[in-house]
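Asker:
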Amino acid sequence: MQKTESIQKATSYDPKEVETQYYEFWEKSGYFEIDGNRAIQKSGKNFCIMLPPPNVTGSLHIGHALNHTLIDIITRFKRMDGYKTLWQPGLDHAGIATQNVVEKQLLAQGVKKESLGREEFIKKVWEWKEKSGGMILNQMRKLGSSPAWSRTRFTMDEGLQNAVKEAFVKLYDGGLIVQGEYLVNWCTHDGALSDIEVEYKENNGKLYYLRYFLEDSKDYVVVATTRPETYFGDSAVMVNPQDERFKHLIGKSVVLPLLGRKIPVIADSYVDMEFGTGAVKVTPAHDVNDYEVGKRHNLEQIVVFDKYGILNENAGEFAGLERLEARKSIIEKLESLGFVEKIEDYKNQVGHCYRCGNVVEPYISKQWFLKKEVAQGAIEKINANISNFYPQQWKNNYNAWMRELRDWCISRQLWWGHQIPVFYCESCGGQFASVDIPKACKHCQSDKIMQDPDVLDTWFSSALWPFSTLGYANGEFGKEELWNPSDMQEFYPNSLLITGFDILFFWVARMLMMGEHLLNELPYPDIYLHALVRDEFGNKMSKSKGNVIDPLEKIEEYSADVLRFTLAILCAQGRDVKLSSKQMEVSKNFTNKLYNAANFLLLNAESFPSLSELGAPKTPLGQYFAELLSQNIKEVREHLESYRFNDGANTLYRFLWNEFCDWGIELSKADKDSILELGAIFKEALLLLHPYMPFISDYLWHKLDGTKLEQSGSIMVRQFPSFSYTNAENFTTFGKIIDSIVSLRRAKATIDLANQKIAKGYVNVEIPQSMHALFTSYVCKLAKVESLEIVQEKIPNCIVDIAEKVESYLPIADIDLSPIIMRLEKQAQKTQKEIEKLEGMLKNEKFVANAPKAVLETNQNTLAEQQQKLEKITQELKTLRP
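Heads up, the sequence shown is in full-length UniProt numbering, so the first residue is 1 and it goes up one at a time.
(1) Below 8 angstroms on the Cβ atoms is my guess for Q623 versus N494; work out the distance and round it to an integer in Å.
(2) Rounded to the nearest angstrom, what separates G144 and L414 at their Cα positions?
(3) Which residue wins for smallest C-alpha separation from L66, given the options N764, Q573 and Q860?
(4) Taking 8 angstroms as the limit between beta carbons, can you name the residues of its chain near I751, skipping five residues before and five after?
(5) Cα separation between W416 and M156?
(6) From what residue to what residue does the beta strand (DSSP E) around Y308 run?
(7) Quick one: grab the DSSP three-state call for R327.
(8) Quick check: what's the CA-CA separation for W394 versus I498?
(9) Mind the definition here: the stretch 329–336 touches the stretch 376–394 only if three or more C-beta pairs lie below 8 angstroms; say whether that holds.
(10) Which residue spans inside the stretch 472–524 form an unbroken alpha helix (DSSP H) run of at least 4?
(11) Excluding five sequence neighbours on each side, which residues of the same chain lie with their C-beta closer than 8 angstroms to the C-beta of M488?
(12) Could you check whether M140 and L86 sit closer than 8 angstroms to each other, using their CB atoms as the reference points?
(13) Leaving aside the five residues before and after T862 along the sequence, list all residues of the same chain whose C-beta is less than 7 angstroms from its C-beta, in chain order.
(14) Tell me whether the beta-carbon of T226 lies closer than 8 angstroms to the beta-carbon of H286.
(15) Quick one: what does DSSP say T862 is sitting in, helix, strand or coil?
(16) For E876 and K582, I'd like the C-alpha separation in whole angstroms.
(17) Going by the beta-carbon positions, is the gap between D452 and V422 smaller than 8 angstroms?
(18) Taking L370 and L171 to be in contact with their CB atoms under 8 angstroms, please state how far apart those CB atoms are, rounded to whole angstroms.
(19) Spell out the partners DSSP gives H530 in its beta bridges.
(20) Does the stretch 310–318 come within contact of the stretch 203–221, defined as at least 3 CB pairs closer than 8 angstroms?
(21) Whole-angstrom Cβ separation of A509 and W401, contact assumed at under 8 angstroms?
(22) Buried or exposed: which applies to T69, given that a residue is buried once 16 or more other Cβ atoms fall within 10 Å of its Cβ?
(23) Check for me: the alpha helix (DSSP H) holding S115 runs from which residue to which?
(24) Identify whether V435 lies in helix, strand or coil by the three-state DSSP scheme.
(25) Taking 8 angstroms as the cut-off, decide whether the C-beta atoms of P53 and G90 are in contact.
(26) Quick one: what's got a C-beta closer than 6 angstroms to F168's C-beta in the same chain, skipping five residues either side?
(27) Express the C-alpha separation of L210 and K342 in angstroms, rounding to a whole number.
(28) Span of the beta strand (DSSP E) holding N203?
(29) Should H517 go down as buried or exposed, given a rule of 16 or more other Cβ atoms within 10 Å for buried?
(30) What is the DSSP secondary structure of S743, reduced to helix, strand or coil?
(31) Here's the rule: buried if 16 or more other CB atoms are within 10 angstroms of the residue's CB, otherwise exposed. What is Y13?
(32) So, is P228 buried or exposed, given that buried needs 16 or more other C-beta atoms within 10 angstroms?
(33) For M541, does the three-state DSSP call read helix, strand or coil?
(34) Report all residues from its chain with a CB closer than 7 angstroms to the CB of F477; omit the five preceding and five following residues, and keep chain order.
(35) Work out the CA separation of I503 and A747 for me, nearest whole Å.
(36) E641 to M80, Cα distance in whole Å?
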């Protein structure tokens with residue numbers, strides 16, 4: 001017997017076996033591919049969504065699990081809704097991270113990359129990628145993700161390299177990529193970084209007050225700095241022109257300690273007169289703000305350390321020391337010679353490399369930059385609402401960042417990545433960009449040419465992801481089986497982007513600018529930015545806190561369906577997901593509820609038809625649940641189309657648990673003729689549930705259908721429900737039937753007869769005469785009442801219960817209420833004593849004065865609860881006493 005067949009006959013639900021075998025069948029059957037749903041595709045309806053390409057070095061974390069779950073929900077929905085669907089998977093080459101991994105592996109073997117050379121080192125990286133890369137894509141299968149695996153792309157694939165070179169050359173030839181000596185964020189390990197690759201952390205540092213003596217004078221100016229090692233690169237001392245303390249010094253010169261180099265005292269309104277002493281040092285080559293000041297005042301840019309952070313000859317006797325390690329020695333020497341006024345503790349924000357954690361330095365370096373003008377079209381189109389953000393407030397964040405946009409440093413000092421396609425001629429000194437490797441200089445035809453050694457920022461290639469994956473710039477290159485000429489036409493712009501808000505500026509903004517500039521069209525009409533997954537207390541997850549949640553462990557413990565549904569139901573737009581074991585248990589119980597409902601139905605029939613095969617329901621109960629299903633189909637569709645994933649999950653939970661599994665099963669006990677219709681409705685509801693919980697929905701559908709998976713195929717390529725039914729009178733009546741059952745049961749519980757049958761009951765309710773028999777048959781059987789009378793007035797001498805749509809009455813004349821009254825009287829006495837005790841404590845001035853605030857609040861809350869309890873008991877006694 002095949003494994004899938006054994007699953008069909010299992011007596012208990014085993015998610016591990018089901019999820020493994022069903023996923024293998026889905027993938028083997030090609031359901032995830034573009035034409036996997038060919039039988040239900042509707043002409044002209046295309047849907048494309050890109051997987052935010054995870055780093056090739058990565059593994060599945062809980063943020064990925066949320067992101068991939070949301071993408072899979074919308075993809076499965078669109079696939080079932082008849083769209084030609086492409087969920088594009090792939091990986092990012094992660095230049096810095098990947099090079100670091102391979103470098104460390106080589107160093108562990110005693111090998112430096114420099115000894116291998118660039119070409120051999122890159123071969124080693126490719127070898128590592130083939131063996132270890134892409135682990136996260138395999139882990140995605142555990143989650144039930146359904147991307148078009150045959151289309152998997154890698155940002156260093158040959159086709160994507162072509163796209164990157166094409167984009168670069170187009171921008172270069174258009175004057176939008178330029179090279180120059182700029183002040184950049186510099187990591188001594190990883191090289192140049194863009195502004196948003198710098199993470200600022202609070203630092204408990206020092207503020208050093210240094211004496212700069214005036215030329216040929218014993219007078220001095222005190223300047224404050226947090227980085228004394230940069231003073232060797234000072235080009236001026238600067239004061240505010242309105243500062244009366246220093247006006248007499250403007251235009252004079254001071255002498256740098258130890259070096260003896262003279263620098264001018266200049267005036268600029270940039271200076272904050274309240275900071276430090278009001279006089280500041282200006283180091284144009286090592287401070288972002290000083291760089292701008294230096295350009296305004298035509299100051300010299302003096303670089304004091306090399307790309308590894310080693311102080312150079314401009315640092316005098318300290319040349320050869322590492323910049324941070326040199327700080328202590330420099331201060332000791334300055335103190336010994338009387339150049340230090342004082343040193344204070346000082347908290348400030350210090351930039352760190354987002355990859356390796358090194359302290360980042362502003363550093364003058366020759367780099368390639370993409371000019372900010374590239375973004376103008378994207379800014380205009382976003383503000384014309386051609387693309388929409390979900391939640392909408394992210395549009396404001398986008399605009400705020402774009403207003404402050406600077407030229408983007410796109411070159412990186414690495415070997416692994418897209419080598420910049422710029423070539424230099426040794427003969428004529430010319431420079432040019434080329435997609436192809438040229439044989440000669442385009443200016444003088446010399447063959448003495450060399451390519452720029454730097455690579456492009458990883459985010460440059462990722463910014464092309466919405467179209468580089470579809471064959472952009474690969475019309476002639478592309479292999480037919482990978483690059484379909486119609487892909488760009490059918491799938492660009494993509495339909496939707498789902499990603500975390502934390503890469504809005506790293507990635508989303510850059511895709512918008514590149515797509516708009518290169519193709520004159522924004523890549524996405526809709527952009528959904530989800531929040532972070534935190535622990536149950538709202539804390540950000542970190543290894544140091546020990547609160548990291550491993551999604552693979554949760555899948556092993558609960559199941560993929562449980563994790564997916566939990567993440568979805570907690571994912572409200574604009575709010576962080578607070579993931580807890582308690583909520584996971586709720587979702588697990590939900591799967592058990594569905595499984596037990598299917599088992600109950602199968603006790604009464606061997607299999608069930610589909611709703612389309614069955615036709616319109618004939619039984620009143622079938623009609624009621626058909627209308628409920630119809631309403632919920634409409635709700636779920638609306639929620640999915642507006643990306644309110646949590647609302648869709650809540651709708652499904654309420655309908656399947658509260659309405660079908662509770663009341664549908666309960667009401668069917670009074671009408672066995674409805675079972676076949678209820679089974680068909682449940683099967684249709686499983687189609688509705690499928691995007692959220694793909695495994696159990698497919699499994700239970702086949703169980704109810706009485707067919708093997710291999711025989712009838714997966715429900716993932718069946719039509720998403722569009723069933724519509726209404727019967728207002730029947731629907732209203734069943735709402736009152738349920739309300740009456742609840743009300744009568746509650747009234748019986750008041751007199752300790754909850755599970756016993758009683759002779760007589762009354763219900764005050766408006767019911768059409770034609771529905772009386774239906775109403776009484778259900779209510780009598782399920783509320784355990786022998787005789788039920790529908791009335792329009794209150795019945796005296798009764799236990800009364802008031803519900804939303806009805807009032808119910810139980811006559812008490814023939815019931816011995818003395819044991820119940822005695823129990824309630826004892827409860828009242830006990831409660832009264834507790835109230836008196838608490839009141840006595842709270843009236844005691846000494847106790848109130850000395851008791852902790854928390855104890856007082858607890859006693860006050862307990863007193864209020866006991867008073868409410870006594871009031872309720874008193875009301876019950878009034879009802880029961882003659």
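Cβ atoms here follow ideal geometry from the backbone N, Cα and C, with glycine treated the same way. Please read all numbers here as calculations on a predicted model, not as lab measurements.
Answerer: Let me lay it out:
(1) The residue you call residue 623 lines up with position 623 of the sequence shown. The residue you call residue 494 lines up with position 494 of the sequence shown. With a Cβ gap of about 42 angstroms, Q623 and N494 do not count as contacting.
(2) Within the sequence shown, numbered from 1, the residue matching residue 144 stands at position 144. Within the sequence shown, numbered from 1, the residue matching residue 414 stands at position 414. Looking at the two C-alpha atoms, the distance is approximately 36 angstroms.
(3) Sequence index remark: in the sequence shown, residue 66 carries index 66 (1-based). Looking at the Cα atoms, Q573 is the closest of the given residues.
(4) Within the sequence shown, residue 751 is the residue found at index 751, counting from 1. Closer than 8 angstroms at Cβ, skipping near neighbours: I799, L810, I812, I815, L817, I820 and L880.
(5) Translated into the one-based positions of the sequence shown, residue 416 becomes position 416. Translated into the one-based positions of the sequence shown, residue 156 becomes position 156. Using only the alpha carbons, I get a separation of about 9 angstroms.
(6) If you number the sequence shown from 1, residue 308 lands on position 308. Careful: Y308 lies outside any beta strand (DSSP E) and carries neither H nor E.
(7) Within the sequence shown, the letter at position 327 stands for residue 327. R327 falls in the helix class under three-state DSSP.
(8) For this step, residue 394 is matched to residue 394 along the sequence shown. For this step, residue 498 is matched to residue 498 along the sequence shown. About 13 angstroms.
(9) The stretch 376–394 and the stretch 329–336 do not touch, with fewer than three beta-carbon pairs separated by less than 8 angstroms.
(10) 487–491 and 509–519
(11) On the sequence shown, position 488 is the one that residue 488 refers to. Hits under 8 angstroms: F467, L470, G471 and Y472.
(12) What you label residue 86 is simply residue 86 of the sequence shown in a count that begins at 1. What you label residue 140 is simply residue 140 of the sequence shown in a count that begins at 1. No; because the gap between Cβ atoms is not below 8 angstroms, this pair is not in contact.
(13) In the sequence shown, residue 862 corresponds to position 862, counting from 1. Contacts found: L838.
(14) Within the sequence shown, numbered from 1, the residue matching residue 226 stands at position 226. Within the sequence shown, numbered from 1, the residue matching residue 286 stands at position 286. Result no, Cβ atoms of T226 and H286 do not sit closer than 8 angstroms.
(15) Taking the sequence shown and counting its residues from 1, one reaches residue 862 at position 862. Looking at T862 - three-state DSSP - the assignment turns out to be helix.
(16) Walking along the sequence shown from the start, residue 876 turns up at place 876. Walking along the sequence shown from the start, residue 582 turns up at place 582. E876 and K582: Cα-Cα distance of roughly 35 angstroms.
(17) Along the sequence shown, read from residue 1 onward, the residue named residue 452 stands at position 452. Along the sequence shown, read from residue 1 onward, the residue named residue 422 stands at position 422. Between D452 and V422, the C-beta gap is smaller than 8 angstroms, which places the two residues in contact.
(18) Counted from its first residue, the sequence shown places residue 370 at position 370. Counted from its first residue, the sequence shown places residue 171 at position 171. 7 angstroms between Cβ atoms; contact.
(19) Locating residue 530 in the sequence shown gives position 530, counting from the first residue. The partner list for H530 (beta bridge, DSSP) reads G500.
(20) no
(21) If you number the sequence shown from 1, residue 509 lands on position 509. If you number the sequence shown from 1, residue 401 lands on position 401. Confirmed, Cβ separation roughly 7 angstroms.
(22) Translated into the one-based positions of the sequence shown, residue 69 becomes position 69. Classification of T69: buried, given that the 10 Å Cβ count is 16 or more.
(23) Taking the first residue of the sequence shown as 1, we reach residue 115 at position 115. That run of the alpha helix (DSSP H) goes K113 to L116.
(24) Reading the sequence shown from its first residue, position 435 is the one you call residue 435. Reduced to three states, the DSSP call for V435 is coil.
(25) As a first step, residue 53 must be located in the sequence shown, where it is residue number 53. As a first step, residue 90 must be located in the sequence shown, where it is residue number 90. Yes, these two residues count as a Cβ contact at 8 angstroms.
(26) Sequence index remark: in the sequence shown, residue 168 carries index 168 (1-based). So the qualifying residues of the chain are P421.
(27) Start at 1 with the first residue of the sequence shown, and residue 342 comes out as number 342. Start at 1 with the first residue of the sequence shown, and residue 210 comes out as number 210. Taking the straight line from one Cα to the other gives about 8 angstroms.
(28) In the sequence shown, residue 203 corresponds to position 203, counting from 1. V198 to L214 is the span of the beta strand (DSSP E), which, as asked, contains N203.
(29) The residue labelled residue 517 in the question sits at position 517 within the sequence shown. H517 counts as buried, since no fewer than 16 other beta carbons sit within 10 angstroms of its beta carbon.
(30) By 1-based counting over the sequence shown, the position of residue 743 is 743. Residue state, collapsed to three classes: helix.
(31) In the sequence shown, residue 13 corresponds to position 13, counting from 1. With 16 or more neighbouring CB atoms inside 10 Å of its own CB, Y13 falls in the buried class.
(32) Along the sequence shown, read from residue 1 onward, the residue named residue 228 stands at position 228. Burial call: buried.
(33) Locating residue 541 in the sequence shown gives position 541, where the first residue counts as 1. In this structure, M541 counts as coil in the three-state DSSP scheme.
(34) Walking along the sequence shown from the start, residue 477 turns up at place 477. For F477, the predicted structure reports a pLDDT of 39, less than 50, and the residue's modelled location is therefore unreliable. The matter cannot be settled from this model.
(35) Residue numbering aside, residue 747 sits at position 747 when the sequence shown is read from its first letter. Residue numbering aside, residue 503 sits at position 503 when the sequence shown is read from its first letter. Each residue's alpha carbon lies about 57 angstroms from the other.
(36) Numbered from 1 along the sequence shown, position 641 holds the residue referred to as residue 641. Numbered from 1 along the sequence shown, position 80 holds the residue referred to as residue 80. Their backbone Cα atoms lie some 13 angstroms apart in a straight line.
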